[in-house]
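What follows is one structure encoded as structure tokens, with my remarks underneath.
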Amino acid sequence: MFYRETGQFKTSYAADMQIFPIRQDRIALWVVLAFAFIGIPLLDGLQVWPFGGEYMLRAILIPFLILSLAAIGLNILTGYCGQLSLGSGAFMAIGAYSAYKFGTGVDISFGLFDLSIPPLSVLPSILLGGLMAAIIGILFGIPSLRIKGLYLAVATLAAQFFFDWVFIRVKWFTNYTSSGSVVAPDLNFFGYVVNAPIERYLLCLVFVTIFALLAKNLVRGNIGRQWMATRDMDIAAELMGIRPLYAKLSAFAISSFIMGVAGALWAFVYLGAWEPLAFSIDRSFQILFMVIIGGLGSILGSFLGAAFILVLPIALDQVPHALGMPISVETVSLLVFVITGALICWLLIVEPRGFARLWLTGKEKLRLWPYPY
Amino acid sequence: MILFGQFLEVLVSGLLAGVLYSLVALGFVLIFKASGVFNFAQGAMVLLAGLALVRSLDMMVANGLPFWAAIMLALLFAALVMAITAFMVERFVLGPLINQDGLTLFMSTIGVTFIIEGGAQMLFGSDVYPLRLFPSDAWFLFEDSFPGGILVSKIDVWGGLIAAVLVVGLALFFQKTKTGRALRAVADDHAAAQSVGISLNWIWFIVWLVAGLVALVAATVWGTKLGVQFSITFLALKALPVLIIGGFTSVPGAIVGGLIVGAGEKLAEAYLGPFIGGGIEYWFAYVLALVVLMARPQGLFGERIIERI
Chain W
25 MFYRETGQFK
35 TSYAADMQIF
45 PIRQDRIALW
55 VVLAFAFIGI
65 PLLDGLQVWP
75 FGGEYMLRAI
85 LIPFLILSLA
95 AIGLNILTGY
105 CGQLSLGSGA
115 FMAIGAYSAY
125 KFGTGVDISF
135 GLFDLSIPPL
145 SVLPSILLGG
155 LMAAIIGILF
165 GIPSLRIKGL
175 YLAVATLAAQ
185 FFFDWVFIRV
195 KWFTNYTSSG
205 SVVAPDLNFF
215 GYVVNAPIER
225 YLLCLVFVTI
235 FALLAKNLVR
245 GNIGRQWMAT
255 RDMDIAAELM
265 GIRPLYAKLS
275 AFAISSFIMG
285 VAGALWAFVY
295 LGAWEPLAFS
305 IDRSFQILFM
315 VIIGGLGSIL
325 GSFLGAAFIL
335 VLPIALDQVP
345 HALGMPISVE
355 TVSLLVFVIT
365 GALICWLLIV
375 EPRGFARLWL
385 TGKEKLRLWP
395 YPY
Chain B
74 MILFGQFLEV
84 LVSGLLAGVL
94 YSLVALGFVL
104 IFKASGVFNF
114 AQGAMVLLAG
124 LALVRSLDMM
134 VANGLPFWAA
144 IMLALLFAAL
154 VMAITAFMVE
164 RFVLGPLINQ
174 DGLTLFMSTI
184 GVTFIIEGGA
194 QMLFGSDVYP
204 LRLFPSDAWF
214 LFEDSFPGGI
224 LVSKIDVWGG
234 LIAAVLVVGL
244 ALFFQKTKTG
254 RALRAVADDH
264 AAAQSVGISL
274 NWIWFIVWLV
284 AGLVALVAAT
294 VWGTKLGVQF
304 SITFLALKAL
314 PVLIIGGFTS
324 VPGAIVGGLI
334 VGAGEKLAEA
344 YLGPFIGGGI
354 EYWFAYVLAL
364 VVLMARPQGL
374 FGERIIERI
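Line order of the protein sequences matches chains W and B. If you read the first sequence in this note's numbering, its first letter stands for residue 25, the second for the next number, and so on. If you read the second sequence in this note's numbering, its first letter stands for residue 74, the second for the next number, and so on.
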């Protein structure tokens, strides 16, 4: 009744091409953004439950935002371009460690000349971290020109295990700390040091908003259509004049860049101090599950999947506790395994496009409601 | 002479360890050949089989059964568990996903992996359980030709023997029995096999059952070597590069690939490791697979991949 585009006439091309063609969608988006940018800081300042205190921000909202960003990155590669990757953790790690090295100064001696870069401030470090991840992503994407599907999954697995090892064994990356764990530099943005949880939250929010908007625009433009054609049938796409080299490698580059930035944020903003285990293969699977559950080929799905995967263990821990039947921590973690696995199988059978598709179906229903036709 | 002795020792231990990779890779190949499903859950199935075996064995021994009877019963119990798993997977996951593309099926087996990993540990516990089926000491061979001889661990030799028996058994099963021929028919062409009256659902159940039994065999050897524990699933992941190198559709390829990976990573660790920081066993197999992928995507023994629109 309320969700209907009747009477919304497009009078210019710009109006016809906008991201959200239906006015109600635009309003909803502005409401969500306003709540995220203004509402949550206000509620946090006023100490309204559940936003008061640090728990909500530190344990749920900040990881949610960063992992959504990583999921968007993987979704571009797997959901839009159809290249399955089990190496997201590695690309996040590359982003994190490169950002760390740029943030603390790089010093390489090539024998004849020395390359030394003074410590950069946080913003360029994070972006350069993403850039490094993009370069490595292109390198590991080259096999995708010859192989695909399962074979490529093994190639990305190679990236995962190789970089796990690199960041444990090559001490240069950790600035020779004895324990192998490193501490992020201060989050100094143009003289302003981001420290309180709410500031960290807003910082992540800015990053995620910008990148989500960029990604949304990319996937509906020329390059996004090339990715989707390659995903649906690569040979047919090639015959239509889409260069697989360009389409696949650009997907690898952009996806790795976003994952690298997400990794740098995860390390700098969420963890603060971290060791290589933070980006192990478990992280890769976690992000892959977010994408599958949320919806392959959907930016909204990345957020839904991230929210679900993050909230599931917390809910399994808290709800039985509130009902007076607490489950042990170990059972919870195993139960998370079983539920996630079962949900993936169920979604692949019933709704292969994940939660995002369910959301769209709901919207379609809402357009017709209350009349059936 | 000492150097050559060392080399032989590393090579032999590598080859024998490679046999263990082959054991897991075999399970992958069987399922891939018969149903075109790339079964990511094989490692989890090894864990499940191992846990079912070791836990029931411990319980029966604790209740006073003689060891040999307990082993028999425990093996039967574990086989039953694998049969139930095969039935459930076929009935509830792969059956409804008939005719979907390979990537979807692959992702569904990742889901199955997590269900099995979580479920197995909830049912049987999640500690490290030692399993003692085979002697765990070692032989010293050729002590007169090399100083100190060559150290060969008995478990590895047992593993090699078992793998040989298994391969012969599987070959006979595929070549001589009616079910085996039906399996090969399904592998060749689903639709044609269906049209001559072969039930796909039954065949897929059989395939998953056979893969489950192969996983059980792998679990007996690996469980004795390392103890039955969660990290077995990660070792099983190494079967993936083995498959890439050997080719997805070839049983001999799985064996040869396993040997190459096993020997390669041990030799690399022993001779390359000291120069670049050690621990390269962790990724060597994968990078080797990456190189093979670049040069020969179908693997050493795989069928050439031909695509049509």
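Yeah, the Cβ is synthetic: ideal placement off N, Cα and C, and Gly gets one too.
* Asked: Any chance the CB of Leu-178/B is under 8 Å from a heavy atom of the ligand ATP?
  -> Inclusion of the ligand ATP in the displayed structure is not the case, the ligand content being empty and no account of it being possible.
* Applying a beta-carbon distance threshold of less than 8 Å, which residues of chain B neighbour Glu-439/W? -> The question about residue 439/W has no answer here: the residues shown for chain W are numbered 25 through 397.
* To do: Please determine, among Leu-126/B, Lys-311/B, Gly-351/B, Tyr-344/B, the residue with the shortest C-alpha to C-alpha distance to Gly-335/B.
  => Closest by C-alpha distance to Gly-335/B, out of Leu-126/B, Lys-311/B, Gly-351/B, Tyr-344/B, is Lys-311/B.
* To do: Report the rounded CA-to-CA distance for Thr-250/B versus Phe-150/B, giving the unit in angstroms.
  => One alpha carbon belongs to Thr-250/B, the other to Phe-150/B, and they sit about 25 Å apart.
* **Same chain, Cβ closer than 6 Å to Phe-164/W, five either side skipped, listed in chain order** => Cβ neighbours of Phe-164/W beyond the five flanking positions: Ala-183.
* Asked: What residues in the segment 271–289 of chain B have a beta carbon less than 8 Å from any beta carbon of chain W?
  -> Per Cβ criterion, the list is empty.
* Asked: If we cut at 9 Å on Cβ distances, does Leu-358/W have a partner in chain B?
  -> For Leu-358/W, a Cβ of chain B is located within less than 9 Å of the residue's own Cβ.
* **Exposure label - Ile-272/B; buried when at least 16 CB within 10 Å** => A quick correction: the sequence has Ser, not Ile, at residue 272/B. With fewer than 16 other Cβ atoms from the protein chains shown falling within 10 Å of its own Cβ, Ser-272/B counts as exposed.
* By how many angstroms is the C-alpha of Asp-68/W removed from the C-alpha of Ala-220/W? -> Taken atom to atom, the span from the alpha-carbon of Ala-220/W to that of Asp-68/W is near 11 Å.
* Residues near Ala-236/B by beta carbon distance below 7 Å, same chain, minus five either side -> Counting only Cβ-Cβ distances below 7 Å, and skipping sequence neighbours, we find Val-92, Ser-95, Leu-96.
* Tell whether a beta-carbon distance below 9 Å holds between Thr-355/W and Leu-336/W. => Against a cut-off of 9 Å, the Cβ pair of Leu-336/W and Thr-355/W comes out as no contact.
* Determine whether the Cβ of Ser-95/B lies closer than 9 Å to any Cβ atom of chain W. => No, Ser-95/B lies away from the interface with chain W (no Cβ there is under 9 Å from its Cβ).
* According to the Cβ coordinates, are Ile-96/W and Gly-119/W closer than 9 Å? -> Result no, Cβ atoms of Ile-96/W and Gly-119/W do not sit closer than 9 Å.
* DSSP-derived helix/strand/coil call for Ile-62/W -> Three-state result, Ile-62/W: helix.
* Asked: For the segment 160–181 of chain B, which residues have a CB atom closer than 7 Å to at least one CB atom of chain W, in sequence order?
  -> Cβ contacts with chain W come from Val-166, Pro-169, Leu-170, Gly-175, Leu-176, Thr-177, Phe-179, Met-180, Ser-181.
* Val-217/W bridges to which residues according to DSSP? -> Bridge partners of Val-217/W: Asn-212/W.
* Asked: In the structure shown, what three-state DSSP assignment does Tyr-202/B receive?
  -> Strand, per DSSP.
* Trp-298/W - DSSP class collapsed to helix/strand/coil -> Judged by DSSP in its simplified three-state form, Trp-298/W adopts strand.
* To do: For Glu-82/B, go through chain W and note every residue whose CB falls closer than 8 Å to its CB, in chain order.
  => Result: empty, since nearest Cβ-Cβ is about 25 Å, beyond 8 Å.
* To do: Using a cut-off of 9 Å between C-beta atoms, extract the partners of Thr-364/W located in chain B.
  => What Thr-364/W touches in chain B: Gly-184, Phe-187, Ile-188, Gly-191.
* Asked: Between the beta-carbon of Met-180/B and the beta-carbon of Leu-108/W, is there less than 9 Å?
  -> Leu-108/W sits close to Met-180/B, with the two beta carbons spaced by under 9 Å.
* Could you tell me whether the Cβ atoms of Gly-137/B and Met-118/B are closer together than 9 Å? => In this structure, Gly-137/B lies away from Met-118/B, with their beta-carbon atoms at least 9 Å apart.
* Asked: Do the segment 170–186 of chain B and the segment 156–175 of chain W make contact, defined as three or more Cβ pairs closer than 8 Å?
  -> The segment 170–186 of chain B, when compared against the segment 156–175 of chain W, does touch it at the 8 Å Cβ threshold.
* Alpha-carbon to alpha-carbon, Ala-292/B and Leu-124/B -> Distance from the CA of Leu-124/B to the CA of Ala-292/B, rounded to the nearest whole angstrom, comes to 9 Å.
* Asked: Going along the chain, which residues of its own chain have a beta-carbon closer than 6 Å to the beta-carbon of Phe-321/B, five neighbours each way excluded?
  -> Around Phe-321/B: Phe-105, Gly-375.
* To do: State the beta-bridge partners of Val-301/B as determined by DSSP.
  => Note: Val-301/B sits in a beta bridge opposite Tyr-202/B.
* So which residues on chain W does Leu-313/B lean against when the C-beta distance must stay under 9 Å? -> Residues of chain W passing the Cβ test: Leu-174, Ala-177, Val-178, Leu-181.
* Cβ neighbours of Phe-278/B in the same chain (closer than 7 Å, five flanking residues each side left out) -> Hits under 7 Å: Ala-159, Phe-160, Glu-163.
* Asked: Roughly how many angstroms separate the alpha carbons of Ala-152/B and Gln-115/B, rounded to a whole number?
  -> The straight-line gap from Cα to Cα measures roughly 15 Å.
* Should Val-241/B go down as buried or exposed, given a rule of 16 or more other Cβ atoms within 10 Å for buried? -> Classification of Val-241/B: exposed, given that the 10 Å Cβ count is below 16.
* Asked: Relative to chain W, which residues along the segment 88–113 of chain B have a C-beta separation below 7 Å, given in chain order?
  -> Those would be Phe-111, in chain order.
* Asked: Nearest-angstrom Cα distance between His-345/W and Ile-351/W?
  -> Answer to the nearest angstrom: the Cα atoms are 7 Å apart.
* Contact set for Gly-337/B: own chain, Cβ-Cβ below 8 Å, skip 5 residues either direction -> Only Gly-87, Phe-357, Ala-358, Leu-361 meet the Cβ criterion.
* Mind checking if Leu-98/W is an interface residue toward chain B, Cβ cutoff 9 Å exclusive? -> The C-beta of Leu-98/W comes no closer than 9 Å to any C-beta of chain B.
* **Same chain, Cβ closer than 6 Å to Leu-139/W, neighbours up to 5 away in sequence not counted** => Answer for Leu-139/W: Ile-132, listed in chain order.
* Close beta carbons around Arg-28/W, own chain, < 7 Å, minus the five adjacent residues each side -> The residues are Arg-391.
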